[in-house]
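Chains A and B are the protein sequences, given in the same order.
Yeah, the first sequence ends on 821 if you go by our numbering, and it's all consecutive.
Yeah, the second sequence ends on 363 if you go by our numbering, and it's all consecutive.
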Amino acid sequence: MKIEEQPTTVIAVAHLIGKVEQFRKGGYRLVQMNATKVGDEFEINYSFEKDYLFENLRLIISVDTEVPSISGMYWGAFVYENEMHDLFGIAVKGMNIDFNGNFIRTKVRYPFRNPTFQGEGPCQRK
Amino acid sequence: MSKKIVVPFGPQHPVLPEPIHLDLVLEDETVVDVVPSIGYIHRGLETLVAKREFTEYVYIAERTCGICSFIHGMTYCQGVEQIMDLEVPARAHYLRTIWSEYSRLHSHLLWLGLFADAMGFENLFMNSWRLREFVLDVLEETTGGRVIQGSCKVGGVRRDISNEKLSAMAADLKGFETELVDLSEVFLHDDSLKSRLVGVGTLSRTDAYDLGAAGPAARGSGVAIDLRKTGYAAYRELRFEPATESAGDCYARCAVRIRELFSSIDLIRQAVEKIPEGEIEVKVKGTPDGEYFSRSEQPRGELVHYLKGNGTKHLVRSRIRTPTLTNVPPLVKMLQGCELADVPVIVLSIDPCIGCMER
């Protein structure tokens, strides 16, 4: 049994601010933002919720595409945007608090940008 | 207007068991702005999803946090089960609910102790943790683990609890509840505690909602968001209402957690009464192909495990959004305008779990 429906709308970068503004005006709260490396592209999910209705916006961008910050509409978005920058190297323009790569201190720069897994590991030997 | 100075708070501080850094901008003794920094112990657990099969990754998910490990494991398993359309047996759902509520009791009592300790109330700290031992003993007896339970798996749970043991657990809650009443009397009515908590670190309802506050940090400001209301595990068959307070200060967040302790006891009793007989797991066939945002209510608030599979035995992505991360922006708001001496108590009032946040 599905716990809840989770509709996802794929949008272009140019429409991001307008769509997010619609959610904000509609009284939705920002639940989370995350990035996933899929092939040569990034998927960025923006999750919103109102009255337990959970909805997502999704950007599919090339690795060098700059995305606009939504921290002007959702002030708390800076934690997710700095995290995406520090772990994936995604350029986010216009963050209200920009840590310039020092929000999450990692030994390797942008560690999630190029996953290096080549099939090694204990599970492969089974 | 006096000169502004910046006082660093953390990453090592007596009230912080884990590192977080705040740059406090002060005018005299008043905090006028705060810049948070995290990332001192980022572990990169999420990348291990590429090196462990989806059935094995539950061990990693559980180790995200040493306090609410069971709920992390359950939320991960729930996400995989949703992607794979697995019908988990009802008894497993109830057992997950019971262990989740014991985890909440343990977490809130741990927090109450730390909170009392931060205010210099050592006796209250020890009494809170003495009561917490009762909960840890139950977790150990029923799962084998005090800290990492390891009882959840994709498709169900690894261990059953006999009906006799469940009845005994419910009966033992009576004495525990009596002691909890005494403890909560002190937290809610002691003058010295109230003087440290009432009107301190206030977060308005609008700010809590707009800044994405989660858990008691949100409910203490009157935002009645509780993910258990989405009906995951066995919650859809149990009666409860989210505990809320309206003042939005440290006292309100403390009061919410105390009310949730009693709510958890009630939920355990309901679950013991209603738990059906039957299997505790289903056989898992195939591999996950799809994605799901698995959400649950941790003791600290809303937890999200985003899982994405591509039909292989390794997931493409596991993303864990913990409540402490989303409570950082509200914390900044709570601290603005407070006195420097109140900063430790306000920081603790969101029950920060840095290990969770730095997964």
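Where is the CB? At the ideal position from N, CA and C, for every residue including glycine.
{"Asked": "Just confirm the distance between the C-beta atoms of residue 257 of chain B and residue 224 of chain B, as a whole number of angstroms; I'd bet it's less than 8 Å.", "Found": "4 Å"}
{"Asked": "Would you identify the three-state DSSP class for residue 795 of chain A, choosing helix, strand or coil?", "Found": "coil"}
{"Asked": "When the cut-off is 7 Å and only beta carbons count, does residue 271 of chain B lie next to chain A?", "Found": "no"}
{"Asked": "Would you grab the beta carbon distance between residue 24 of chain B and residue 334 of chain B for me? Rounded to a whole angstrom, and I think it's under 8 Å.", "Found": "The pair is not a contact, with the Cβ atoms about 14 Å apart (cut-off 8 Å)."}
{"Asked": "With DSSP as the reference, please indicate the residues paired to residue 17 of chain B in a beta bridge.", "Found": "B/20"}
{"Asked": "Pull up the distance between the alpha-carbon of residue 798 of chain A and that of residue 174 of chain B, whole angstroms please.", "Found": "45 Å"}
{"Asked": "What are the boundary residues of the alpha helix (DSSP H) that includes residue 64 of chain B?", "Found": "61–66"}
{"Asked": "Going by DSSP, what residue range makes up the beta strand (DSSP E) through residue 732 of chain A?", "Found": "724–733"}
{"Asked": "When burial is assigned at 16 or more other CB atoms within 10 Å of the CB, is residue 187 of chain B buried or exposed?", "Found": "buried"}
{"Asked": "Quick check: the region 283–290 of chain B against the region 704–714 of chain A, are at least 3 beta-carbon pairs closer than 8 Å?", "Found": "no"}
{"Asked": "What number of angstroms, rounded off, separates the C-alpha of residue 313 of chain B from the C-alpha of residue 191 of chain B?", "Found": "46 Å"}
{"Asked": "Going by alpha carbons, who is nearest to residue 152 of chain B out of B/226, B/62, B/133 and B/90?", "Found": "B/62"}
{"Asked": "Give the interface partners of residue 185 of chain B over in chain A, defined as CB-CB distance under 7 Å, in chain order.", "Found": "In chain order: nothing, as chain A lies at least about 32 Å away."}
{"Asked": "At the level of alpha carbons, what is the spacing between residue 248 of chain B and residue 724 of chain A?", "Found": "18 Å"}
{"Asked": "Report the neighbours of residue 37 of chain B on chain A: residues whose CB is nearer than 7 Å to its CB, in chain order.", "Found": "Simply none; closest approach about 11 Å."}
{"Asked": "Can you give me the Cβ contacts of residue 99 of chain B inside the same chain, cut-off strictly under 6 Å, excluding the 5 residues immediately before and after it?", "Found": "161"}
{"Asked": "Is the CB of residue 325 of chain B under 7 Å away from at least one CB in chain A?", "Found": "yes"}
{"Asked": "Count the other C-beta atoms from every protein chain shown that fall within 10 angstroms of the C-beta of residue 245 of chain B, then say buried if there are 16 or more, exposed otherwise.", "Found": "exposed"}
{"Asked": "Tell me the rounded alpha-carbon separation between residue 65 of chain B and residue 46 of chain B.", "Found": "15 Å"}
{"Asked": "Specify, as a first and last residue, the run of the beta strand (DSSP E) that residue 745 of chain A falls within.", "Found": "736–745"}
{"Asked": "Quick check on this structure: which residue in B/95, B/78 and B/40 has the alpha carbon closest to the alpha carbon of residue 12 of chain B?", "Found": "B/40"}
{"Asked": "Name the one or two DSSP bridge partners that residue 293 of chain B has.", "Found": "B/314"}
{"Asked": "Let me know if residue 207 of chain B comes out buried or exposed under the rule of 16 or more other beta-carbons within 10 Å of its beta-carbon.", "Found": "buried"}
{"Asked": "Provide the residue(s) that pair with residue 763 of chain A in DSSP beta bridges, ordered along the chain.", "Found": "A/788"}
{"Asked": "Please list, in chain order, the residues of the region 793–809 of chain A that have any C-beta partner in chain B closer than 8 Å.", "Found": "794, 797, 798, 799, 800, 801, 806 and 807"}
{"Asked": "List the whole-angstrom C-beta distance separating residue 728 of chain A from residue 761 of chain A, where the pair is believed to meet the contact cut-off of C-beta under 8 Å.", "Found": "Not quite, the Cβ-Cβ distance comes to about 15 Å (not below 8 Å), so this is no contact."}
{"Asked": "Which one of B/227, B/196, B/198 and B/53 has the shortest CA to CA distance from residue 209 of chain B?", "Found": "B/227"}
{"Asked": "Verify the CB distance criterion: does residue 731 of chain A have a CB-CB separation below 7 Å to chain B?", "Found": "yes"}
{"Asked": "Determine, using beta carbons only, whether residue 124 of chain B comes closer than 7 Å to chain A.", "Found": "no"}
{"Asked": "Consult DSSP for residue 749 of chain A and reduce its assignment to one of helix, strand or coil.", "Found": "strand"}
{"Asked": "To the nearest angstrom, how far is it from the Cα of residue 348 of chain B to the Cα of residue 696 of chain A?", "Found": "44 Å"}
{"Asked": "For residue 70 of chain B, which residues of its own chain have a beta-carbon under 6 Å away from its beta-carbon, when the five flanking residues on both sides are left out?", "Found": "151"}
{"Asked": "Determine whether the Cβ of residue 310 of chain B lies closer than 7 Å to any Cβ atom of chain A.", "Found": "yes"}
{"Asked": "Since residue 231 of chain B is in the beta strand (DSSP E), which residue starts that stretch and which ends it?", "Found": "Element bounds for residue 231 of chain B: n/a, residue is neither H nor E."}
{"Asked": "Along the region 719–751 of chain A, what residues have a CB closer than 9 Å to any CB found in chain B?", "Found": "719, 722, 724, 725, 726, 727, 728, 729, 730, 731, 732, 733, 738, 740, 742, 744, 747, 749 and 751"}
{"Asked": "Under the three-state reduction of DSSP, which class applies to residue 815 of chain A: helix, strand or coil?", "Found": "Summary for residue 815 of chain A: the model assigns pLDDT 47, below 50, so the residue's position carries little reliability, and this model does not support an answer."}
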